[in-house]
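Asker: Numbering (the UniProt record's numbering), first residue to last: 1 to 635.
Just so you know, even glycine gets a beta-carbon here, dropped at the ideal spot from N, CA and C.
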């Protein structure tokens with residue numbers, strides 16, 4: 001095939017510019033990224049070769065080479081891993097085919113430090129080569145293909161790349177960086193070794209370089225072609241915790257997570273018993289852009305007796321912990337374990353249960369710590385991953401209470417959605433005689449905070465949780481009580497606040513109900529099939545009316561969410577509750593038997609519907625009635 005010139009995807013062009021201009025302050029990380037990619041390629045070969053040993057091509061010793069040429073001013077990173085064919089080169093290097101791309105670029109600020117952190121979240125390390133190189137040449141051949149099916153890719157990072165088929169006798173990938181002016185320090189044996197030991201010492205494969213030049217007996221420089229291993233080339237997780245520094249833990253995280261930032265925290269433990277395995281699990285500082293894409297494989301790397309088996313082994317952790325990164329190394333699983341075996345293995349279920357317990361325990365230690373630094377870490381964790389963790393309440397029955405204790409919510413106790421409380425905090429502030437945790441669900445924090453359903457509770461000083469995340473509807477659908485206190489929606493059923501009312505209030509309510517009996521009946525007749533019932537309310541103090549549903553019915557917010565997702569759900573008839581002391585109620589009472597009574601009733605119902613955050617069935621009719629009443633009052 002002749003050489004072709006192709007254009008980068010638009011997003012890749014933007015990313016190349018970002019790499020070149022945002023990461024200049026820490027340029028050396030490019031070598032970490034390229035070595036990590038080489039290590040991953042070797043891991044993938046080892047996994048595929050479990051089912052097709054011929055892929056090793058009589059060369060089963062996996063390794064990474066790093067070399068430099070002072071005269072040509074090039075730096076070369078070479079591996080004998082899985083390699084790529086032409087389609088894979090274009091897919092993996094010419095485009096960024098992953099969810100969150102648009103969001104990623106919309107958040108770029110032009111601030112080099114902030115943008116560098118975003119790059120880490122997006123995980124596209126290959127392009128970091130252009131920080132130090134003005135041209136990159138990649139030559140690769142996929143394992144199992146013949147020598148003349150090699151592929152050469154080349155680009156100056158200017159928006160285009162060339163691709164052609166070449167002869168390549170050995171499998172794997174070679175990347176040659178043609179260094180920019182001013183990058184001569186990378187043509188130093190000592191400098192390259194120090195970068196490798198700083199960032200890639202934990203790589204389990206040997207990273208080879210030519211032995212450093214020595215001197216003969218006459219003092220002359222004596223070069224050597226002998227190769228030696230620069231890194232420790234041992235599994236970091238297999239070492240004792242006391243031997244591993246925080247810096248080593250951090251660098252290993254960056255390797256397995258393809259992140260540029262340090263992790264928030266981690267857990268490293270060896271589990272012995274019926275199942276023997278080592279786990280090293282990390283919680284990142286920031287959420288990746290595709291965190292809410294449940295179809296994408298998320299997970300941790302699985303090893304068996306230090307032999308890599310697969311990445312993104314999603315069966316080792318539940319979906320609601322998909323943000324966790326790290327490795328599991330089992331002593332008991334077979335080397336030929338597959339994704340199908342993982343789905344039905346009791347051993348895997350035990351490992352999974354142990355890892356879930358460890359992660360939740362790690363989060364609990366941060367959440368309950370008296371140390372302010374730990375509290376700040378948990379606050380950051382919740383901001384990034386809280387909505388995902390909430391999914392566990394509906395997915396993981398065995399750990400539902402533990403997850404609920406870790407959850408945080410906005411409430412009427414605070415002024416902003418950032419000021420969050422735990423369920424334990426709420427219970428600690430409950431009023432004497434209160435036996436329920438009150439909450440309201442809505443589409444936004446503002447809608448929840450300003451809902452008319454809160455009026456009576458706010459007046460009596462009763463705290464209400466303000467649930468505005470989409471996942472909250474599923475949370476309250478699965479979590480019916482916490483520490484013996486039931487969860488009660490303030491927009492469902494007849495709200496009984498009699499424990500907090502004196503005899504005078506109760507008597508006043510009874511009299512109001514009797515006094516409005518005829519009006520309530522007429523409103524019900526007027527609205528007809530629009531409502532299930534009309535009754536006097538005990539939950540309003542400022543608004544004239546509100547809509548509620550029965551305890552057993554779907555909430556209005558959940559109904560809207562399901563319909564917006566395209567699901568065919570039956571509309572629940574609401575109950576209209578009337579505030580007997582409101583001036584508008586008195587006006588409607590005065591209109592009983594008159595021509596405008598129906599208009600006043602319809603407007604009352606439409607107002608209550610709007611206050612719920614719902615759309616009106618007939619907005620034009622609402623405006624017409626409202627205009628008519630306004631003109632009547634003006635005349």
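In three-state DSSP terms, what is residue 628?
Answerer: Of the three classes helix, strand and coil, the one that applies to residue 628 here is helix, per DSSP.
Asker: What are the uninterrupted segments assigned as beta strand (DSSP E) that are 3 or more residues long and contained completely in the region 230 to 300, given in chain order?
Answerer: Runs of the beta strand (DSSP E) inside the region 230 to 300: 265 to 271 and 277 to 283.
Asker: Within the continuous beta strand (DSSP E) that includes residue 485, where are the two ends?
Answerer: Note, residue 485: beta strand (DSSP E), 485 to 489.
Asker: Assuming residue 82 and residue 64 make a contact with CB atoms under 8 Å, what is their CB distance in whole Å?
Answerer: That pair is no contact at about 13 Å.
Asker: Classify residue 598 as helix, strand or coil using the three-state DSSP reduction.
Answerer: Three-state DSSP puts residue 598 in a helix.
Asker: Looking only at C-alpha atoms, which of 286, 58, 142 and 42 sits nearest to residue 89?
Answerer: Residue 89 has its Cα closest to that of 142, out of 286, 58, 142 and 42.
Asker: Go ahead and pull the three-state DSSP assignment for residue 611.
Answerer: Correct three-state label for residue 611: helix.
Asker: Can you give the Cα-Cα distance for residue 558 and residue 474, rounded to whole angstroms?
Answerer: Spanning the two alpha carbons is a distance of roughly 9 Å.
Asker: Taking the alpha-carbon of residue 127 as reference, which of 193, 225 and 11 has the nearest alpha-carbon?
Answerer: Comparing Cα positions, the closest option is 11.
Asker: With a CB to CB cut of under 6 Å and the five nearest residues on each side skipped, what residues in its chain are close to residue 543?
Answerer: Closer than 6 Å at the Cβ level, and outside the excluded window around residue 543, lie 452.
Asker: Between which residues of its own chain and residue 464 is the CB-CB distance below 8 Å, once the five residues before and five after are set aside?
Answerer: Cβ within range, chain order: 411, 412, 438, 439, 440, 454, 457, 458 and 490.
Asker: I need the straight-line Cα distance from residue 235 to residue 14, nearest angstrom please.
Answerer: Looking at the two C-alpha atoms, the distance is approximately 36 Å.
Asker: Go ahead and label residue 517 buried or exposed: buried means 16 or more other beta carbons lie within 10 angstroms of its beta carbon, across all protein chains shown.
Answerer: Per the 10 Å Cβ criterion, exposed.
Asker: Among 301, 269, 289 and 134, which one has its Cα closest to the Cα of residue 256?
Answerer: Answer by Cα proximity: 301.
Asker: Would you call the region 482 to 502 in contact with the region 538 to 554, where contact means no fewer than 3 C-beta pairs closer than 8 Å?
Answerer: Result yes; three or more Cβ-Cβ pairs closer than 8 Å.
Asker: Assign residue 200 to buried or exposed, taking buried as 16 or more other Cβ atoms, counted over all protein chains shown, within 10 Å of its Cβ.
Answerer: With 16 or more Cβ atoms within 10 Å of its Cβ, residue 200 is classed as buried.
Asker: For the region 512 to 540, which segments carrying the beta strand (DSSP E) assignment without a break, of at least 3 residues, lie completely within its bounds, in sequence order?
Answerer: Those beta strand (DSSP E) runs which fall completely within the region 512 to 540 and span 3+ residues are 533 to 536.
Asker: Which first and last residues belong to the beta strand (DSSP E) in which residue 75 is found?
Answerer: First-last of the beta strand (DSSP E) with residue 75: 74 to 79.
Asker: Could you spell out the range, first to last residue, of the alpha helix (DSSP H) harbouring residue 585?
Answerer: Here the alpha helix (DSSP H) through residue 585 covers 583 to 590.
Asker: My guess is that residue 408 and residue 420 are in contact by the Cβ rule of under 8 Å, so how many angstroms apart are they, rounded?
Answerer: Indeed they touch by this definition, with Cβ atoms about 4 Å apart.
Asker: Give the DSSP-derived three-state secondary structure of residue 7 in the structure shown.
Answerer: In the structure shown, residue 7 sits in a strand (DSSP, three-state: E or B).
Asker: Below 8 Å, can you find three or more Cβ-Cβ pairs linking the region 269 to 287 to the region 329 to 347?
Answerer: The region 269 to 287, when compared against the region 329 to 347, does touch it at the 8 Å Cβ threshold.
Asker: From this set, 447, 577, 270 and 478, which residue's C-alpha is nearest residue 521's C-alpha?
Answerer: Among 447, 577, 270 and 478, the Cα nearest to that of residue 521 is on 577.
Asker: Tell whether a beta-carbon distance below 7 Å holds between residue 206 and residue 173.
Answerer: No, the Cβ-Cβ distance between residue 206 and residue 173 is not below 7 Å.
Asker: Let's see if you can read the secondary structure: which residues bound the beta strand (DSSP E) around residue 438?
Answerer: Residues 436 to 441.
Asker: Three Cβ pairs or more, each shorter than 8 Å: is that satisfied between the region 45 to 58 and the region 261 to 268?
Answerer: No, the region 45 to 58 is not in contact with the region 261 to 268.
Asker: In whole angstroms, give me the CA-to-CA distance for residue 596 and residue 574.
Answerer: Their backbone Cα atoms lie some 24 Å apart in a straight line.
Asker: Put residue 187 into one of helix, strand or coil per three-state DSSP.
Answerer: DSSP places residue 187 in helix when its eight states are reduced to three.
Asker: What does the Cβ neighbour count give for residue 26, buried or exposed, with the cut at 16 atoms within 10 Å?
Answerer: Under this definition residue 26 is an exposed residue.
Asker: Determine, using beta carbons only, whether residue 391 and residue 327 come nearer to each other than 7 Å.
Answerer: No, they are not a contact pair.
Asker: Verify whether the separation of the beta carbon atoms of residue 323 and residue 385 is less than 7 Å.
Answerer: Taking 7 Å as the Cβ cut-off, residue 323 and residue 385 qualify as a contacting pair.
Asker: On a CA-only basis, which of 633, 549, 479 and 561 is nearest residue 587? Give me that one, please.
Answerer: Answer by Cα proximity: 633.
Asker: Less than 7 Å between the beta carbons of residue 487 and residue 476, yes or no?
Answerer: Yes, they are a contact pair.
Asker: With respect to the beta strand (DSSP E) encompassing residue 175, which residues constitute its N-terminal and C-terminal limits?
Answerer: Residue 175 -> beta strand (DSSP E) spans 172 to 179.
Asker: Going straight from the alpha carbon of residue 33 to that of residue 198, what length do you get?
Answerer: Answer to the nearest angstrom: the Cα atoms are 13 Å apart.
Asker: Assess, as a yes-or-no matter, whether the region 351 to 360 is touched by the region 306 to 322 under the definition of 3 or more beta carbon pairs within less than 8 Å.
Answerer: Touching, yes.
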